[in-house]
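K.L.:
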Amino acid sequence: MIPLIDFWNAHPWARLGATIVVTLLLGALLHRLVYLVLRRLTRGREVATDMLHRASAPMGWLVPLITLTVALRMSPMVPGLIQHVLLAALIGTATWLGVSCIGALESWMVREYPLNTADNLRARRVQTQARVLGRAGDVILVLIGAALILMTIPGVRQIGTSLLASAGVAGLALGFAAKPVLGNLIAGLQIALAQPIRLDDVVIIEGEWGRIEEITGTYVVVSIWDERRLVVPLNYFIENPFQNWTRTTSQLIGSVFLWLDYRMPLEPLRAELQRLCKQAPQWDGRVCVLQVTDANEQAMQLRVLVSTVDSGTGWDLRCFVREGLIAFVQANYPQHLPLRRTEFHQAESASPPDRSRPLLAQPADGPSPGSP
């Protein structure tokens, strides 16, 4: 027993190692105890349970790091470098814990408000806010954590202070360099609060029709109708105009244009349009109209307006109505399809021509008989 005590007194690094081992074991035991208590308290609460599940990994590092940091702070022989490393690790783990909690809240809101419902306007609004604010929160936490870690290093802290005090031009250049990042971050907050776009919104951007598939902290992914993906920066939706077909509701009115002869009767077409709309499951029963909207020297233009619950079914209904009306005209009024008419008039002479004189052929580049 005496040699062990002598060894303990003569070797301070052995005492330090034993202290670290015992502290880590106590921290792991304390983490297990805290986890069991929190698990019992959050039983039956979906949000808290999911948050605890996601936070279990960072908590497994955070609690032992806290106990180890406290224990080594009381030891005078611990080098300052080790203390700075432990403090930086503690700040990084706390940042990891905060990001995990934000992710748990975001996942719960996504599950609570699914998009696969008939009227998903509220769900799209809530999910957009959850995703954008969650991404912004992650960025802010990471920036704060990185800044705190840098502040624990005395040399970096002094350099930063001197730069802020005496290098205004460098700070201005840094601000310009960080403008895209800060601009997207501010644009993300504006989109989350004002919501010019939401997840699953139907938009027209750069002449492309698509749906908002993903909103991240820096860009938006638009799923184009032909399965392409258009990646657009967040600040684009704040600085540029675009079309949002589902801003307040997904209901739309679609148009179909036809060109027919002037002699085509309109009432049979209107009756056929009503029959087609009532037959189509895509029609929502609001609008079914046929009107003459234009005319020229050859034909008249007919515009058909039909309404649907969303843009996808609207496209299908427009194609169905267009095909049905063309088939109806082909089957019942084929003579009233657009025709190009050309009339030839023979010029009348004041006196009959002299048959005794031979007729001279007109040159090839002369006026045609139908020319005025």
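Straight run, no breaks: the sequence shown in numbering that gives the first Met the number 0 ends on number 371. We treat Cβ as the ideally placed atom computed from N, Cα and C, and that holds for glycine.
Is the distance from the Cβ of L233 to the Cβ of T248 below 8 Å?
P.N.:
no
K.L.:
Among I223, L142, V131, R210, which one has its Cα closest to the Cα of A193?
P.N.:
V131
K.L.:
Which stretch, first to last residue, makes up the alpha helix (DSSP H) that contains Q290?
P.N.:
Element bounds for Q290: not the alpha helix (DSSP H) but the beta strand (DSSP E), 282 to 294.
K.L.:
Quick check: the Cα distance between A27 and R228, rounded to an integer number of angstroms?
P.N.:
47 Å
K.L.:
Over what stretch of residues does the alpha helix (DSSP H) that includes Q278 continue unbroken?
P.N.:
265 to 278
K.L.:
Based on Cα-Cα distance, which residue from M263, T68, T215, V231 lies nearest to T22?
P.N.:
Closest by alpha carbon: T68.
K.L.:
Keeping to the same chain, check which residues put their C-beta closer than 6 Å to that of Y235; ignore five residues upstream and five downstream.
P.N.:
Contacts found: none.
K.L.:
Using only the alpha-carbon positions, how far apart do V84 and A186 sit?
P.N.:
36 Å
K.L.:
Just to confirm my understanding: we take I223, look at its own chain, exclude 5 residues before and 5 after, and list those with CB closer than 8 Å. What are they?
P.N.:
E207, W208, G209, L229
K.L.:
Are the CB atoms of V138 and Q126 nearer to each other than 8 Å?
P.N.:
no
K.L.:
Roughly how many angstroms separate the alpha carbons of L25 and I190, rounded to a whole number?
P.N.:
46 Å
K.L.:
Between the Cα of S310 and those of R42, A146, L251, G136, spot the shortest distance and give me the residue it belongs to.
P.N.:
If we check each option's Cα against that of S310, L251 comes out closest.
K.L.:
Could you round the C-beta distance between L104 and V46 to whole angstroms and report it? I think they count as a contact, below 8 Å.
P.N.:
L104 to V46, Cβ: 7 Å. Contact.
K.L.:
Mind checking which residues open and close the beta strand (DSSP E) that includes Y218?
P.N.:
218 to 223
K.L.:
In three-state terms, what does DSSP make of F241?
P.N.:
Three-state DSSP puts F241 in coil, outside helix and strand.
K.L.:
Sorted by chain position, which residues of the same chain lie with C-beta nearer than 8 Å to A135's C-beta, five sequence neighbours on each side aside?
P.N.:
Result list for A135: L184, G187, L188, A191, G216, in chain order.
K.L.:
Go ahead and label A330 buried or exposed: buried means 16 or more other beta carbons lie within 10 angstroms of its beta carbon, across all protein chains shown.
P.N.:
Of the residues assessed, A330 falls on the exposed side of the cut-off, its CB having fewer than 16 other CB atoms within 10 angstroms.
K.L.:
Consult DSSP for Q82 and reduce its assignment to one of helix, strand or coil.
P.N.:
helix
K.L.:
For A418 and T66, what's the separation of their Cα atoms in angstroms?
P.N.:
Lying outside 0 to 371, the shown extent of the chain, residue 418 is not represented and no answer is given.
K.L.:
Measuring straight from C-alpha to C-alpha, what distance separates R246 and V202?
P.N.:
9 Å
K.L.:
L163 by DSSP, collapsed to three states: which one?
P.N.:
In this predicted model, L163 has a pLDDT of only 46, less than 50, meaning its place in the structure is not dependable; the value taken from the coordinates is given anyway. Looking at L163 - three-state DSSP - the assignment turns out to be helix.
K.L.:
Could you give the DSSP three-state label for E226: helix, strand or coil?
P.N.:
coil
K.L.:
Look at the Cβ atom of L289, then the Cβ atom of L301, and state whether they are nearer than 8 Å.
P.N.:
In this structure, L301 lies closer than 8 Å to L289 by Cβ.
K.L.:
Which residue comes first and which comes last in the alpha helix (DSSP H) that contains A308?
P.N.:
In the sequence under discussion, the amino acid at residue 308 is Val, which differs from the Ala named in the question. For V308, there is no enclosing alpha helix (DSSP H), as DSSP marks it with neither H nor E.
K.L.:
Please say whether E226 and V220 have beta carbons closer to each other than 8 Å?
P.N.:
Against a cut-off of 8 Å, the Cβ pair of E226 and V220 comes out as no contact.
K.L.:
If you follow the beta strand (DSSP E) that G43 is in, where does it begin and where does it stop?
P.N.:
Here G43 belongs to no beta strand (DSSP E), and DSSP marks it neither H nor E.
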